[in-house]
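Below is one structure, written out as structure tokens; the observations come after it.
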Amino acid sequence: MLFLAILLQEDGPLKATTGATAQKNQPKIDSLYATGATADTYNPTINFTDDTDTGGKDCSFHHCMSQITLTFVAGDGVSFSAIQPESYMLSGLVLTGSFDTTTGIAKTDDGAQAANLDMPIGSQLTSSVILFPQTVTALPLYVKYYGARYKATLNIPEGALLAGNNYTYTVKVRNRGIEVSQATIAAWNEIDLGEVGADL
1 MLFLAILLQE DGPLKATTGA TAQKNQPKID SLYATGATAD TYNPTINFTD DTDTGGKDCS
61 FHHCMSQITL TFVAGDGVSF SAIQPESYML SGLVLTGSFD TTTGIAKTDD GAQAANLDMP
121 IGSQLTSSVI LFPQTVTALP LYVKYYGARY KATLNIPEGA LLAGNNYTYT VKVRNRGIEV
181 SQATIAAWNE IDLGEVGADL
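Residue 200 is where the sequence shown ends in our numbering, and the numbering goes up by one at each step.
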């Protein structure tokens, strides 16, 4: 027998939104999927593990969504000791979609319009958002700091936010703007995209 497993936080329709309200409870929008585990009468134990290092199959759970993580740092002429960045906005994202339990694929709704995602930054100066995989080459980033709004661009490797990837950026707030690093992609699968700058 072949088994699959799905880790979902809710029952019912598998439609979702990844707007600012949903980001407050990220486990409810993060879907995990595993398939390929086998069992039979003589070997009844089902293991959802990655056994590729021993020549077996990868039957482990994988994230079906994408993630972007931003870390905000002070650049030249700026100190966060008194005033920290307040919020940021990512523009041009499709925030609605669905998860197919038979394939483990999360996708944006057909014909859905791109929208803005406004997020607080918080005292830790790091923020992560969970998003539907989608085709996008660059995302406008707006950072609110000291009453002003500064713009930079997040360049997305491979022209898409891919399932299971965490795209990590460092956003450097400078006296004359913001600077954003290149992405680092790593296991979530995390992806570190480097620094992005923004001048004040």
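From the three backbone atoms N, C-alpha and C, an ideal C-beta is built for every residue, glycine too.
Next item on the list: Starting from the Cα of V171, find the closest Cα among P133, T18 and I121 and give me that residue.
Entry: I121
Check: Roughly how many angstroms separate the alpha carbons of Q23 and S127, rounded to a whole number?
Finding: 10 Å
Item checked: Three-way DSSP call (helix, strand, coil) for P157 in this model -> helix
Next item on the list: State buried or exposed for M1, treating a residue as buried only when at least 16 other CB atoms are found within 10 Å of its CB.
Entry: Only weak support is given to the placement of M1: the predicted model assigns it a pLDDT of 48, under 50, and the question is left unresolved by the model.
Next item on the list: Please name the residue or residues paired with Q67 in a DSSP beta bridge.
Entry: I130 and N166
Margin query: Rounded to whole angstroms, what is the Cα-Cα separation between D118 and I185?
Written below: 23 Å
Notebook entry, point to check: Got a sec? Which residues, its chain only, sit under 7 Å from K57 by beta carbon, not counting five neighbours each side?
Noted result: G36 and D51
Notebook entry, point to check: Given S91, which residues of its chain have a CB within under 6 Å of its CB, disregarding the five upstream and five downstream residues?
Noted result: N116 and P140
Item checked: Assigned secondary structure, F80 (DSSP; H/G/I helix, E/B strand, else coil) -> coil
Check: How many whole angstroms separate the CB atoms of A160 and V136, which I take to be in contact at a CB cut-off of 8 Å?
Finding: 7 Å
Next item on the list: To the nearest angstrom, report how far apart L32 and F99 are at their CA atoms.
Entry: 10 Å
Notebook entry, point to check: Can the beta-carbon of L131 be found closer than 8 Å to that of I68?
Noted result: yes
Notebook entry, point to check: Tell me which same chain residues have a C-beta within less than 7 Å of the C-beta of G77, skipping the five on either side of it?
Noted result: R174 and N175
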